[in-house]
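A.B. asks:
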Amino acid sequence: MAAIDLAGRVRSRFPIFRSKVYLNSCSQGALSDRVRDSYLRYLGDWDERGSPWEYWVERAEAARCSFAELIGADADEVAVTTSVSAGVSALASALRFDGGRGTVVVTDFEFPTIGQIWHAQELRGARVVHVPAAADGTIPLERFEAAIDDDTALVAITSICFRNGSRLDAAGVVRLAHERGALVLLDAYQAIGAIPTDVRVLDVDFLVTGVLKYLLGSAGLGFLYCRRDHLEGLVPTVTGWFADVDVFQMDVHDYSPSPTARRFEAGTPPVPSIYAGIAGIELMREIGIAQTAAHVRALNDLLLEGLDDLGARVVTPRQPARRGPLIAVASSDVHALVDALAAEGIVTSSRDANLRISPHCYNSTRDVTTLLAALARHRVLLA
Ligand SMILES: Cc1ncc(COP(=O)(O)O)c(C=O)c1O
720 MAAIDLAGRV RSRFPIFRSK VYLNSCSQGA LSDRVRDSYL RYLGDWDERG
770 SPWEYWVERA EAARCSFAEL IGADADEVAV TTSVSAGVSA LASALRFDGG
820 RGTVVVTDFE FPTIGQIWHA QELRGARVVH VPAAADGTIP LERFEAAIDD
870 DTALVAITSI CFRNGSRLDA AGVVRLAHER GALVLLDAYQ AIGAIPTDVR
920 VLDVDFLVTG VLKYLLGSAG LGFLYCRRDH LEGLVPTVTG WFADVDVFQM
970 DVHDYSPSPT ARRFEAGTPP VPSIYAGIAG IELMREIGIA QTAAHVRALN
1020 DLLLEGLDDL GARVVTPRQP ARRGPLIAVA SSDVHALVDA LAAEGIVTSS
1070 RDANLRISPH CYNSTRDVTT LLAALARHRV LLA
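Take a look at the structure:
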């Protein structure tokens, strides 16, 4: 019942549903009227005011505050970045691997950019240790117990794996890492907007994400949260003028990073994406993230039941605590399957040999039954 109510309430704000069954929010959230209007507002402001940089910088501050509220942080613990990659690169540049702790622990569930950035630190003396997944598509805590030791500087984990939808026991990893004196970086991109996320509850040291998936924004805007206690000791060498203590001092002879998390920023902020990002975050907060999580859980229960009836092989863990909005299903030819569904107006995506189905607040039970009916027609493409 809840599933019908939420979709019915919000769906008309997302024009794509007039022509498509959109089930690909793990790649990109659907465009809402509010986010579309925010782009028009940006163009209007540019047209009418010419170069309102003071206002645009104030918009970046509004994005910082909006995101900080969303994750239960203070605004000065949040850096406004252009991507997850930019935030993690700035953070990595502030760590020293010589002398103290020299190892970074990275799960095999990470988005490629995370692994690549930490491996790049090998050029600066870091050692990277990978934590592999088990055959059931989870990463049991014992694997972290084996990987984290008193040389571990940082553990990089992801809330939900973009490949198979597996949800990590983040609280367990944080507890273990902190017991052993290591920091934790959480990539929350596949959860934020679809699952309530509070950095004080999670107790993470750093969190990175962007807005283009379940936060309904667009490409070009990301955030890095850095717990206040760590700010002073972390001095990035990947930097730029927007990281300076006084952006408008314009001093070419000096590097004085901001005392706040702004020290992890770089160049000119991504103004159009900031308009869209604020609009997306505000819309998701209005719709309700806890309500969305319950709604998506109900849709995914229905989806899993239907997939079982079809004899499909679901690669996402079955326990509700070990999954989120993304359900991944094995396919014998996933590109053909995504194309066949697209030809019927159903938008999904793939990673590895898996079909990715990722419902959000705007999806209805009807979307799920329409997808299941199409999968029944293409059953030969299910592995
Ligand atoms: C888990 C996760 N991390 C990171 C990214 C993207 O990172 P970036 O903002 O650097 O492109 C994605 C996007 O697809 C993702 O799913």
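Sequence positions in the sequence shown follow my numbering and run 720 to 1102. We put the CB at the ideal spot given by N, CA and C, even for glycine.
(1) Report all residues for which the CB-ligand distance to some heavy atom of ligand 2 is below 6 Å; order them along the chain.
(2) Taking DSSP's pairing of strands, which residues face Pro976 in a bridge?
(3) Could you compute how far the alpha carbon of Val990 sits from the alpha carbon of Thr928?
(4) Helix, strand or coil: how does DSSP classify Ala1009 here?
(5) Determine the DSSP secondary structure at Tyr761, reduced to helix, strand or coil.
(6) Could you pull the start and end residues of the alpha helix (DSSP H) that Ala865 belongs to?
(7) DSSP state of Ala925, grouped into three classes?
(8) So Val1015 and Asp906 are in contact, right, with Cβ under 8 Å, and what is the actual spacing, rounded?
(9) For a quick check, are the C-beta atoms of Asp795 and Ala980 less than 8 Å apart?
(10) Once DSSP output is grouped into helix, strand and coil, what is the label at His1054?
(11) Apply the 10 Å Cβ neighbour rule to Leu1029 and answer buried if 16 or more other Cβ atoms are within range, or exposed otherwise.
(12) Can you list, in chain order, the residues of its chain whose CB lies under 6 Å from that of Asp965, leaving out five sequence neighbours each side?
(13) May I have the straight-line CA-CA distance separating Arg882 from Val825, to the nearest angstrom?
(14) Using alpha carbons as the reference points, say which of Gly1043, Asp1052 and Glu841 lies closest to Thr857.
(15) What do you get for His1079, buried or exposed, if any count of 16 or more other CB atoms within 10 angstroms of its CB means buried?
(16) At which residues does the alpha helix (DSSP H) containing His683 begin and terminate?
(17) Residues bridged to Thr871 by DSSP?
(18) For the beta strand (DSSP E) containing Leu943, name the first residue and the last one.
(19) Arg1016 by DSSP, collapsed to three states: which one?
(20) With DSSP as the reference, label Ser731 as helix, strand or coil.
(21) Which residue's Cα is closest to the Cα of Asp752: Asp766, Gly806, Trp765 and Phe736?
(22) Here's the rule: buried if 16 or more other CB atoms are within 10 angstroms of the residue's CB, otherwise exposed. What is Leu1101?
(23) Using the Cβ count rule (16 or more neighbours within 10 Å means buried), how would you classify Asp766?
(24) Is there contact here, the stretch 817-834 with the stretch 999-1006, by at least three beta-carbon pairs under 8 Å?
(25) Find the nearest neighbour of Val807 within the set Phe925, Asp948 and Met969, judged by alpha-carbon distance.
(26) Take every Cβ of the stretch 723-731, pair it with every Cβ of the stretch 1068-1077, and state whether three or more of those distances are shorter than 8 Å.
(27) Can you give the beta carbon distance from Phe967 to Pro988, rounded, assuming they're within the 8 Å contact cut?
(28) Going straight from the alpha carbon of Cys784 to that of Gly763, what length do you get?
(29) Is it the case that the stretch 927-945 contacts the stretch 739-751, given that we only count it when at least three CB pairs across the two stretches are under 8 Å?
(30) In this structure, how does DSSP classify Ser804 when only helix, strand and coil are distinguished?
(31) Could you spell out where the beta strand (DSSP E) holding Asp1086 opens and where it closes?
(32) Taking 8 Å as the threshold (C-beta atoms), are Tyr994 and Tyr774 in contact?
(33) To the nearest angstrom, how far is it from the Cα of Leu902 to the Cα of Val1066?
C.D. replies: By the coordinates alone:
(1) The ligand content of the structure shown is limited to ligand 1, which means ligand 2 is not among them.
(2) Asp963
(3) 17 Å
(4) helix
(5) helix
(6) Leu860 to Ala866
(7) Looking at the sequence provided, one finds Phe at residue 925 rather than Ala. The answer is strand: DSSP assigns Phe925 an E or B state.
(8) That belief does not hold up - the Cβ atoms of Val1015 and Asp906 are roughly 20 Å apart, past 8 Å.
(9) yes
(10) helix
(11) exposed
(12) none
(13) 16 Å
(14) Gly1043
(15) buried
(16) Within the shown structure, residues of the chain are numbered from 720 to 1102, placing residue 683 beyond reach of any answer.
(17) Thr822
(18) Gly941 to Cys945
(19) helix
(20) helix
(21) Phe736
(22) buried
(23) exposed
(24) no
(25) Phe925
(26) no
(27) Between Pro988 and Phe967 the Cβ distance is about 14 Å, and since that is not below 8 Å, they are no contact.
(28) 23 Å
(29) yes
(30) helix
(31) Run containing Asp1086: none in the beta strand (DSSP E); it sits in the alpha helix (DSSP H), Thr1084 to Arg1096.
(32) no
(33) 38 Å
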